[in-house]
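This report concerns only the one structure given below.
In the numbering used here, the protein residues as written are 456 to 580.
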């Protein structure tokens, strides 16, 4: 997990050097947000990796144990956490072949019915 953190950090540093209109991004009008790969620790001492996916943000998401979903709710910011395998099952993530280590290009937020299913399988951290 620590090796993955180092690899993703180096990759993010490299990707953040590109300008939004760099040919690297192809026909995209905007450079995506390069999500960071973080490592956390549970009270029992076990460790996990986590990434964040925010509503209305074109994102390059690294593979991790947990995805933190963030959006603006009626009463302010809402955040919930979902295990990677559940996100893959509900959203159908596909790695972008341009990136190693793997990143997943998320151009849109999941539809409301998918977000609701993700909320139902959310985990506590």
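Even glycine gets a Cβ: it sits at the ideal position worked out from N, Cα and C.
Buried/exposed call for residue i, threshold 16 Cβ in 10 Å
i, result
"residue 563", "exposed"
"residue 507", "buried"
Sequence-distant residues of its chain with Cβ nearer than 8 Å to residue i (five each side left out)
i, result
"residue 460", "492, 493, 494, 504"
Rounded C-alpha distance that separates residue i from residue j
i, j, result
"residue 578", "residue 566", "20 Å"
"residue 574", "residue 538", "11 Å"
"residue 502", "residue 523", "16 Å"
"residue 559", "residue 572", "20 Å"
"residue 553", "residue 527", "31 Å"
"residue 576", "residue 525", "15 Å"
"residue 462", "residue 470", "12 Å"
Cutoff 6 Å; reference residue i; Cβ partners in own chain excluding five residues on either side
i, result
"residue 518", "557"
Residue of the options minimising C-alpha distance to residue i
i, options, result
"residue 548", "569, 532, 528", "569"
"residue 456", "471, 513, 521", "521"
"residue 510", "463, 534, 576", "534"
Same chain only: Cβ atoms within 7 Å of residue i, ignoring 5 sequence neighbours per side
i, result
"residue 546", "565, 569"
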